[in-house]
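Counting from 6, one number per residue, gives the positions in the sequence shown under this note's numbering.
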Amino acid sequence: MVALAVFVGTAALLGWIHRADLFPPAPTTAARDDPVARCLAARSADIARMQADGVIDADRAALFRSRAAALCQAQAGEADSEDEGPSHPNPE
């Protein structure tokens, strides 16, 4: 009887410790207010439109997408640094 209680207690403890492994949380999606995701969506639509119109070819579209990703990340980084204030003290 004691052995059964120890077994049940140990199994319950192991289940509690590994609850995240047994029942993983739902995967999260990108937030709608994510500035990088919004920027990439807008730029990708523009690039797809240019490619559909025959203005650019597939290779140029791939290049533009990579540049758009870098641009969007840089713009988001600038917005974050503006929120933090100046990065150096005011000498005055």
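Yeah, the Cβ is synthetic: ideal placement off N, Cα and C, and Gly gets one too.
Comparing alpha carbon positions, the residue from Ile52, Cys77, Ala79, Gln80 closest to Ala67 is Ile52. In this chain, Gly59 is not harboured by any alpha helix (DSSP H), its DSSP state being neither H nor E. Contact check for Arg48 against Ala73 passes: the beta carbons are separated by less than 7 Å. Proximity to Arg43 across Glu83, Ala8, Val7, Cys77 peaks at Cys77, based on C-alpha coordinates.
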